[in-house]
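This report refers to the structure that appears directly beneath it.
Below, the structure written as structure tokens:
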């Protein structure tokens, strides 16, 4: 349970630091680390100066230098231990001044201004799913309608073409009927001409080769004698 609590606190802190970074260009943890680092550097510098001053003034032997070095290390450690409460105070002050109030939202996070419980969230999810399904149905319907309109347009074009072909066929049929009449007239003309020619040949034959009966033929023969 403690680990879960620590993990949750760390996650919340990181979210706060993200907001601080976006608004201020820095976050409280960075500032605290920088302050702590500066304090430790000052402690190290102070200890080094104390070490150099004692060594210069008393000029200890090798054993004395070893004791001095150990004492300086212990002094530094004591300094750092005694600073811990003050560092915590500094951390709290930094967190207080470098923070983003809970009522402040970034532009991209304004959608989070309204918070929902689990039931409300699930209801919103269902509504969203219904809207998505409705959008899919509308999309499919629009696609089908577009396809139907294209088919209707094709039918209209085909109908216009069919009408045009019907007109051409009607004209062709009229021309064909006229041609049939002409052909029949030509045939009648040929038949009439043949009849006339036949009749003419018969007349010429009768003129040059008249038909005689037996009595007329007998008279002609007697006359010749």
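In our numbering, the protein residues as written are 1 to 225.
Yeah, the Cβ is synthetic: ideal placement off N, Cα and C, and Gly gets one too.
For residue i, tell me which candidate among the options has the shortest Cα-Cα distance.
i           : options          : result
residue 274 : 119, 80, 33, 164 : Examination of residue 274 is not possible in this model, given that the chain is present from 1 through 225 alone.
residue 98  : 5, 23, 37        : 23
residue 93  : 38, 28, 119      : 28
residue 103 : 123, 5, 72, 16   : 16
residue 100 : 18, 7, 120       : 18
Beta-carbon within less than 8 Å of residue i's beta-carbon, same chain only, minus the 5 sequence neighbours each way: which residues are those?
i           : result
residue 43  : 76, 79, 80, 83
residue 135 : none
For residue i, count neighbouring C-beta atoms within 10 Å of its own C-beta (all shown protein chains included) and say buried if the count is 16 or more, exposed if not.
i          : result
residue 20 : buried
residue 86 : exposed
Within a Cβ cutoff of 6 Å, which residues of the same chain sit near residue i, ignoring the five residues on either side of it in sequence?
i           : result
residue 91  : 32
residue 127 : none
residue 72  : 47, 51
residue 223 : Summary for residue 223: the model assigns pLDDT 47, below 50, so the residue's position carries little reliability, and this model does not support an answer.
Who are the near neighbours of residue i in its chain, counting only those whose CB is closer than 7 Å to its CB and skipping five residues on each side?
i           : result
residue 226 : Residue numbering for the chain in the displayed model covers 1 to 225; residue 226 lies beyond these limits and cannot be assessed.
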